[in-house]
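Novice: One structure coming up, written as structure tokens, with questions to follow.
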Amino acid sequence: SQKIEQNSEALNIQEGKTATLTCNYTNYSPAYLQWYRQDPGRGPVFLLLIRENEKEKRKERLKVTFDTTLKQSLFHITASQPADSATYLCALDPTGTASKLTFGTGTRLQVTL
Amino acid sequence: EADIYQTPRYLVIGTGKKITLECSQTMGHDKMYWYQQDPGMELHLIHYSYGVNSTEKGDLSSESTVSRIRTEHFPLTLESARPSHTSQYLCASSFPQSITGELFFGEGSRLTVL
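Protein chains in written order, with my numbering: chain A, 1 to 113; chain B, 1001 to 1114.
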């Protein structure tokens, strides 16, 4: 069966460091992979999308990589700030139409001073 | 800020009651979705719609029903609520031919059934 794995343990890092979150998947051939941010009690907010033929995508302090051979995406936040503290979800899109995204459980990031 | 609204944000009701969770968007999106999320768990797609009079069930079986009579409105109804329906329900929408394929989510409706 299809499975998406994100580290269920919270990631604690110091302000100014680079946070790296991992999304692994099995039995899946996604066309697109998306990353969302979710704050407690709120709906997810879209951050970045990367296509299967792209290796890397950047947006301001955010960087996403996509390795279809390893079946893994890495999400980096450089120069992290306490305001970056949230849960980050990866979502796989098998068709590239966003019609039936499958979400991971998310990784909680805590950035401390 | 996404223009998608959900009401109520919080609802506590007794078993057996009928409830409707409202979702409206002002972006003219054709595609709309309902996801269910329990604390610390992944979002599960329970219903989606590609446009007016189009509704489909998602990957997670749900006793809820939806309707799509107007483009901007996608309500979810539970005819007889049970404690097992306690969860957070998230509504989302997307452009039909979006370059990014992103979903725009509402703030969610947290339902508690006693």
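Cβ coordinates follow ideal geometry from the N, Cα and C atoms, glycine included.
#1: Skipping 5 residues on each side, what residues in its chain have a beta carbon closer than 8 Å to that of PRO82 (chain A)?
#2: Taking only beta-carbon positions, decide if PHE1105 (chain B) is within less than 8 Å of chain A.
#3: Using the C-alpha atoms, what's the distance from SER1084 (chain B) back to THR1112 (chain B)?
#4: Is it buried or exposed for LEU70 (chain A), if we count other Cβ within 10 angstroms and need 16 for buried?
#5: Name the chain B residues whose beta carbon is nearer than 7 Å to that of ASP93 (chain A)?
#6: How many whole angstroms separate the CB atoms of GLU56 (chain A) and THR65 (chain A), which I take to be in contact at a CB cut-off of 8 Å?
#7: Counting along the chain, where does the beta strand (DSSP E) carrying SER1062 (chain B) start and finish?
#8: For SER1094 (chain B), which option in B:THR1065, B:GLU1022, B:GLY1014, B:PHE1074 has the closest C-alpha, if you only look at C-alpha atoms?
#9: When we look at the beta-carbon of PRO44 (chain A) and count the other beta-carbons within 10 Å, is it buried (16 or more) or exposed?
#10: Should TYR88 (chain A) go down as buried or exposed, given a rule of 16 or more other Cβ atoms within 10 Å for buried?
#11: Tell me, please, whether the CB atom of LYS1057 (chain B) is closer than 8 Å to any CB atom in chain A?
#12: For a contact defined as C-beta to C-beta under 7 Å, what are the partners of PRO82 (chain A) on chain B?
#13: Determine the extent of the beta strand (DSSP E) in which GLN2 (chain A) is found, giving its start and end residues.
#14: Alpha carbon to alpha carbon, how far is GLU1022 (chain B) from TYR36 (chain A)?
#15: Does the beta carbon of THR105 (chain A) come closer than 8 Å to any beta carbon on chain B?
#16: Taking 6 Å as the limit between beta carbons, can you name the residues of its chain near GLN2 (chain A), skipping five residues before and five after?
#17: Using only CA atoms, which one of B:GLY1040, B:LYS1018, B:LEU1090 lies nearest to MET1032 (chain B)?
#18: Contact defined as beta carbons within less than 8 Å: I believe GLY104 (chain A) pairs with GLU9 (chain A). What is the distance between those atoms, to the nearest angstrom?
Specialist: Let's see:
#1: Around PRO82 (chain A): GLU15, VAL111, THR112, LEU113.
#2: True, the Cβ-Cβ gap to chain A drops below 8 Å.
#3: Cα to Cα, the separation comes out at about 9 Å.
#4: Exposed: under 16 other Cβ atoms inside 10 Å.
#5: Going along chain B in sequence order, the residues near ASP93 (chain A) (Cβ under 7 Å) are GLY1101.
#6: A Cβ-Cβ separation of about 5 Å places GLU56 (chain A) in contact with THR65 (chain A) under the 8 Å criterion.
#7: Annotation for SER1062 (chain B): no beta strand (DSSP E) segment contains it, and DSSP assigns it neither H nor E.
#8: Nearest option by C-alpha distance: B:PHE1074.
#9: Taking all protein chains shown into account, PRO44 (chain A) has 16 or more neighbouring C-beta atoms within 10 Å of its C-beta and is therefore buried.
#10: Answer is buried; the Cβ neighbour count reaches 16.
#11: It does not: the Cβ of LYS1057 (chain B) has no partner Cβ on chain A nearer than 8 Å.
#12: Close partners of PRO82 (chain A) in chain B (Cβ separation under 7 Å) are lacking, with about 22 Å as the shortest Cβ gap.
#13: Careful: GLN2 (chain A) lies outside any beta strand (DSSP E) and carries neither H nor E.
#14: Taking the straight line from one Cα to the other gives about 23 Å.
#15: Output row for THR105 (chain A): interface = yes.
#16: Here the set comprises ASN27, TYR28.
#17: Comparing alpha-carbon positions, the option among B:GLY1040, B:LYS1018, B:LEU1090 lying closest to MET1032 (chain B) turns out to be B:LEU1090.
#18: Between GLU9 (chain A) and GLY104 (chain A) the Cβ distance is about 14 Å, and since that is not below 8 Å, they are no contact.
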